[in-house]
Amino acid sequence: GLLQDLRVPTDSLEYLHHNQRVVNRIHSAVLGQCYYVLQIADYDVDCITPFSLKQNQPVGQGQRFSTVRYGSQVDLIVPLS
């Protein structure tokens, strides 16, 4: 199906397990569930800078909550259920 077609082969993704990463959990009242933003720093940068060091801080729609540099990666993870 569609999800199988979108699957990325994991044998070339070893860097995902060695670079700095931050997982941000975001609760959406509209969706009635949480989704996640996974930030992975590029191997040259290896740094993710949050704007607030406190956990569980509210962030409004459109607000920035951290920064990653250059060729870093940000994934949006939305649960199927």
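In terms of the working numbering, the sequence shown opens at residue 687 and continues consecutively.
Built from N, CA and C at the ideal position, the CB exists for glycine as well.
Tell me the DSSP secondary structure of residue i in three-state form.
i: Q725; result: strand
i: Q759; result: strand
i: Q690; result: helix
Short of 7 Å in beta carbon distance, which residues of its chain neighbour residue i, apart from the five on each side in sequence? Order them along the chain.
i: F734; result: Before going further, note that residue 734 is Ile rather than Phe in the sequence given. Counting only Cβ-Cβ distances below 7 Å, and skipping sequence neighbours, we find Q706, V708, Q725, A727, S752 and V754.
Is the beta carbon of residue i within less than 7 Å of some heavy atom of the ligand ZN?
i: L766; result: Inclusion of the ligand ZN in the displayed structure is not the case, the ligand content being empty and no account of it being possible.
When the cut-off is 8 Å and only beta carbons count, does residue i lie next to chain D?
i: R755; result: Here chain D cannot be found, since the structure has a single protein chain.
Since residue i and residue j should fall inside the 8 Å C-beta cutoff, what is the C-beta to C-beta distance between them, to a whole number of angstroms?
i: Y722; j: R711; result: 6 Å
In its own chain, which residues sit with a C-beta less than 8 Å from the C-beta of residue i, not counting the 5 before and 5 after it?
i: S758; result: Q725, I726, A727, D728, V731 and I734
> Is it a yes or a no for the region 760-767 touching the region 739-746, going by three-plus beta-carbon pairs under 8 Å?
Replying inline: The answer is no - the region 739-746 does not touch the region 760-767, with fewer than three Cβ pairs under 8 Å.
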